[in-house]
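Undergrad:
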Amino acid sequence: MAEYVLGIDQSTQGTKALLFDGAGSLLGRADLPHRQMIDARGWVEHDPEEIYQNTIDVVKHLVEKTGIDKNDIRVMGISNQRETALVWDRLTGKPVYAAVVWQCARGASICEEIEGLGKADMIRGRTGLQLSPYFSAAKIAWILRNVDGVRERADRGELCCGTIDSWLVYKLTGKKEFRTDYSNASRTQMFHIGKFKWDEEICSLFKIPMSALAKVTDSNGYYGDTDLEGYLDHPIPIHGVLGDSHGALFGQGCLDKGMIKATYGTGSSVMMNIGGSPVYSDRVVTSLAWGMDGKVDYVLEGNINYTGAVITWLKDDLQLIQSPAETQALAEAANPLDETYLVPAFSGLSAPYWDSQAKAVIYGMTRTTKRAELVKAALESIVYQITDVMTVMGQESGIPIEALRVDGGPTKNSYLMQFQSDMAQIPVQVPPMEELSGIGAAYAAGLGAGIYQKGQLFGKTERKEYRPAMAKELREKKYTGWNKAVSKVLSGQV
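Reading the sequence shown from the start, the letters are residues 3 to 496 in the working numbering.
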């Protein structure tokens, strides 16, 4: 009998369904986008109901595309865009407001109030996270504060406050299960990563009732059963949940201390496995990699708001390109002597700078700077930001970084990958599979359900490798120019 594992990757831009066989090989993929609702203030929202419906529909598309018997699917795993937060009615399952997306900084004033109370260091010490509107707590607090009647309903225990994973689990299980995993919980800014529980004092500071928060479950644990709104003849278990970056770390096989990966998505997560003990930093954050079989691993992580989204900006807003595939040829055709830098602080700068008020800037243009040079500057900004984070991680952890494993759509761009290797001065390794977040969640689910063995999944991947080739002097000149551009942004001189 065929035995399939289903992976759902609910990301910022859309929802993917991935199908794996009993040996962990990817058999097929289907995708559906959802709307990006951005207003004049730069506030970013998603429709939770649209995301849920797309999750059901994308599985149907996958089954049709691959031609499998849908009833041979044995288990499901979910990876999700992290930090994006929403609030919904516990009884009806109806959201009280749109999902506030991780890119959205509308909770900045709430964080400033808490910082004014002198609580920022306490929060960082317990959660591993800098006090920031980037994380879920400020987003949920904003909804409770600003949507009529919601505060009272939350206080009466009528509402659920959660992240996209807990929303999908709740809906997929017919409102029977309200659960999240350790990786997602550790990104809310309300979870004590040393005691492994919601922190009562921090929740009180954000005025979020602990009764409204999900039960925290092992990342390869049991999350309930689903028949996908009656699509399957028999329910299957949801047996794995991971935040997308953690899923990519797991899917990349970064299971040992010191291994590091970068996910190139709408934004980017650079994540280093630091083992079973936390390392705290002022410049990057400490989170839980996952909790599996009663044991947790920690990570250092730096999150960057705009990486792949910079390419979307080139296409949709500036209309300099018609497709992301054009960027490689344009960058290669650009004047190599041009010294234009883009600092894409469209919603501030996150790690390692933590300046939510920073503004984006194009720096160093001359009269000869044209379309190709601007595209090159946009591409290179992705690399510079990731290199900044990796440099800090090496310094803070004291662990030498030997190679960078990468994933996400932009990794197909060989100009980008070679420039990443040149700037980071280490090999960059690209796996043959493009989307590692959903793969990691599916692997966790298959392991949790007893379908897979860890030894069969990892260690067999052949990766394309880029090695440093740029002259040292040129590399230092380029990176120095980037640091100068960033310093101008941080000082408000441009």
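C-beta: ideal position from N, C-alpha, C; glycine also.
Count the C-beta pairs between the segment 126 to 143 and the segment 66 to 81 that are closer than 8 Å, then say yes if the count reaches three, no if not.
TA: no
Undergrad: Residue ranges of each beta strand (DSSP E) run of no fewer than 3 residues wholly in the segment 419 to 469, ordered along the chain?
TA: 430 to 432, 466 to 468
Undergrad: Helix, strand or coil for residue 55 per DSSP?
TA: Taking the first residue of the sequence shown as 1, we reach residue 55 at position 53. Correct three-state label for residue 55: helix.
Undergrad: Using a threshold of 7 Å, state whether the C-beta atoms of residue 481 and residue 430 are closer than that.
TA: Taking the first residue of the sequence shown as 1, we reach residue 481 at position 479. Taking the first residue of the sequence shown as 1, we reach residue 430 at position 428. Result no, Cβ atoms of residue 481 and residue 430 do not sit closer than 7 Å.
Undergrad: Note the first and the last residue of the continuous beta strand (DSSP E) segment covering residue 112.
TA: For the purposes of this step, residue 112 is taken as the residue at position 110 of the sequence shown. That residue, residue 112, is in no beta strand (DSSP E); its alpha helix (DSSP H) goes 110 to 118.
Undergrad: Let's see if you can read the secondary structure: which residues bound the alpha helix (DSSP H) around residue 386?
TA: What you label residue 386 is simply residue 384 of the sequence shown in a count that begins at 1. Its alpha helix (DSSP H) spans residues 373 to 399.
Undergrad: Measuring alpha carbon to alpha carbon, tell me which residue in 276, 220, 453, 326 is nearest residue 296.
TA: Walking along the sequence shown from the start, residue 296 turns up at place 294. Of the listed residues, the one whose Cα sits closest to residue 296 is 220.
Undergrad: Below 7 Å CB to CB, which residues in the same chain sit around residue 181 once its five sequence neighbours on both sides are set aside?
TA: By 1-based counting over the sequence shown, the position of residue 181 is 179. Cβ neighbours of residue 181 beyond the five flanking positions: 168, 171, 216, 217, 219, 225.
Undergrad: With which residues is residue 175 paired in a DSSP beta bridge?
TA: Taking the first residue of the sequence shown as position 1, residue 175 is located at position 173. Paired residues: none, contrary to the question.
Undergrad: Would you mind giving the Cβ-Cβ distance between residue 29 and residue 8, rounded to the nearest angstrom? I have them listed as a contact below 8 Å.
TA: To locate residue 29, count along the sequence shown from 1; it is residue 27. To locate residue 8, count along the sequence shown from 1; it is residue 6. Their Cβ separation, rounded to whole angstroms, is 11 Å, which puts residue 29 and residue 8 out of contact at 8 Å.
Undergrad: Between the beta-carbon of residue 46 and the beta-carbon of residue 40, is there less than 7 Å?
TA: Locating residue 46 in the sequence shown gives position 44, where the first residue counts as 1. Locating residue 40 in the sequence shown gives position 38, where the first residue counts as 1. A contact, by the Cβ cut-off of 7 Å.
Undergrad: Please return the same chain residues whose Cβ sits closer than 7 Å to the Cβ of residue 35, not counting the five positions on each side in sequence.
TA: As a position in the sequence shown, residue 35 is number 33, starting the count at 1. So the qualifying residues of the chain are 15, 16.
Undergrad: Between which two residues does the alpha helix (DSSP H) carrying residue 208 extend?
TA: Residue numbering aside, residue 208 sits at position 206 when the sequence shown is read from its first letter. Unbroken alpha helix (DSSP H) run through residue 208: 202 to 208.
Undergrad: If you run the structure through DSSP and keep just helix, strand and coil, what is residue 137?
TA: As a working mapping, residue 137 is identified with position 135 in the sequence shown. Coil, per DSSP.
Undergrad: Taking the alpha carbon of residue 325 as the point to measure from, which residue in 377, 291, 249, 300 has its own alpha carbon closest?
TA: One-based indexing of the sequence shown puts residue 325 at position 323. Of the listed residues, the one whose Cα sits closest to residue 325 is 377.
Undergrad: When the Cα atoms are used, what is the spatial distance from residue 134 to residue 407?
TA: Position 132 of the sequence shown, counted from the start, is the residue given in the question as residue 134. Position 405 of the sequence shown, counted from the start, is the residue given in the question as residue 407. C-alpha separation (whole angstroms): 28 Å.
Undergrad: Using 8 Å for Cβ pairs, my map puts residue 246 next to residue 211. What's the rounded Cβ distance?
TA: Numbered from its first residue, the sequence shown carries residue 246 at position 244. Numbered from its first residue, the sequence shown carries residue 211 at position 209. That pair is no contact at about 27 Å.
Undergrad: Just to confirm, is the Cβ distance from residue 301 to residue 275 under 7 Å?
TA: The residue you call residue 301 lines up with position 299 of the sequence shown. The residue you call residue 275 lines up with position 273 of the sequence shown. In this structure, residue 275 lies closer than 7 Å to residue 301 by Cβ.
Undergrad: Leaving out the 5 sequence neighbours to the left and right, which residues in its chain are closer than 6 Å to residue 208 when beta-carbon positions are compared?
TA: Walking along the sequence shown from the start, residue 208 turns up at place 206. 139, 143, listed in sequence order.
Undergrad: For residue 64 and residue 253, which I take to be in contact (beta-carbon distance under 8 Å), what is that distance rounded to the nearest angstrom?
TA: For this step, residue 64 is matched to residue 62 along the sequence shown. For this step, residue 253 is matched to residue 251 along the sequence shown. So it is not a contact: roughly 18 Å between Cβ atoms.
Undergrad: Tell whether a beta-carbon distance below 7 Å holds between residue 417 and residue 311.
TA: On the sequence shown, residue 417 is found 415 positions in, with the first residue counted as 1. On the sequence shown, residue 311 is found 309 positions in, with the first residue counted as 1. Cβ distance not < 7 Å, so residue 417 and residue 311 don't count as in contact.
Undergrad: Any idea what DSSP makes of residue 197, helix, strand or coil?
TA: By one-based count along the sequence shown, residue 197 stands at place 195. Residue state, collapsed to three classes: coil.
Undergrad: Provide the residue span of the beta strand (DSSP E) that contains residue 33, from first to last.
TA: Position 31 of the sequence shown, counted from the first residue, corresponds to residue 33. That run of the beta strand (DSSP E) goes 28 to 35.
Undergrad: What separation, rounded to the nearest whole angstrom, lies between the Cα atoms of residue 188 and residue 200?
TA: If you number the sequence shown from 1, residue 188 lands on position 186. If you number the sequence shown from 1, residue 200 lands on position 198. Distance between the alpha carbons of residue 188 and residue 200 is about 9 Å.
Undergrad: Quick check on the burial criterion: 16 or more other C-beta atoms within 10 angstroms. Buried or exposed for residue 426?
TA: On the sequence shown, position 424 is the one that residue 426 refers to. Classification of residue 426: buried, given that the 10 Å Cβ count is 16 or more.
Undergrad: If you run the structure through DSSP and keep just helix, strand and coil, what is residue 281?
TA: Position 279 of the sequence shown holds residue 281. Coil, per DSSP.
Undergrad: Could you check whether residue 309 and residue 269 sit closer than 7 Å to each other, using their CB atoms as the reference points?
TA: Along the sequence shown, read from residue 1 onward, the residue named residue 269 stands at position 267. Along the sequence shown, read from residue 1 onward, the residue named residue 309 stands at position 307. Yes.
Undergrad: Indicate the three-state DSSP secondary structure (helix, strand or coil) for residue 270 in the structure shown.
TA: Within the sequence shown, residue 270 is the residue found at index 268, counting from 1. Residue state, collapsed to three classes: strand.
Undergrad: Near residue 242, which residues of its chain fall below 6 Å by C-beta distance, leaving aside the five closest residues on each side in sequence?
TA: As a working note, residue 242 is residue 240 in the sequence shown. The residues are 79, 222, 443, 446, 447, 450.
Undergrad: Span of the beta strand (DSSP E) holding residue 242?
TA: As a working note, residue 242 is residue 240 in the sequence shown. Looking at the DSSP string, the run of the beta strand (DSSP E) that includes residue 242 is 238 to 245.
Undergrad: Any chance the segment 454 to 465 sits against the segment 481 to 493, with 3 or more Cβ pairs inside 8 Å?
TA: no
Undergrad: So which of 363, 375, 292 has the shortest CA-CA distance to residue 322?
TA: Residue mapping note: residue 322 aligns to position 320 of the sequence shown, counting from 1. Distance check between residue 322 and each of 363, 375, 292 places 375 closest, using alpha-carbon atoms only.
Undergrad: Return the residue from the list 230, 49, 361 that minimises the CA-CA distance to residue 10.
TA: Position 8 of the sequence shown holds residue 10. It is 230 whose Cα lies nearest to the Cα of residue 10.
Undergrad: Would you identify the three-state DSSP class for residue 222, choosing helix, strand or coil?
TA: For this step, residue 222 is matched to residue 220 along the sequence shown. Of the three classes helix, strand and coil, the one that applies to residue 222 here is coil, per DSSP.
Undergrad: Taking the beta strand (DSSP E) that residue 19 falls in, what are its first and last residues?
TA: Along the sequence shown, one-based indexing puts residue 19 at 17. Residue 19 -> beta strand (DSSP E) spans 16 to 22.
Undergrad: Can you name the residues that DSSP bridges to residue 94?
TA: Residue numbering aside, residue 94 sits at position 92 when the sequence shown is read from its first letter. Residue 94 pairs with nothing; no bridge assigned.
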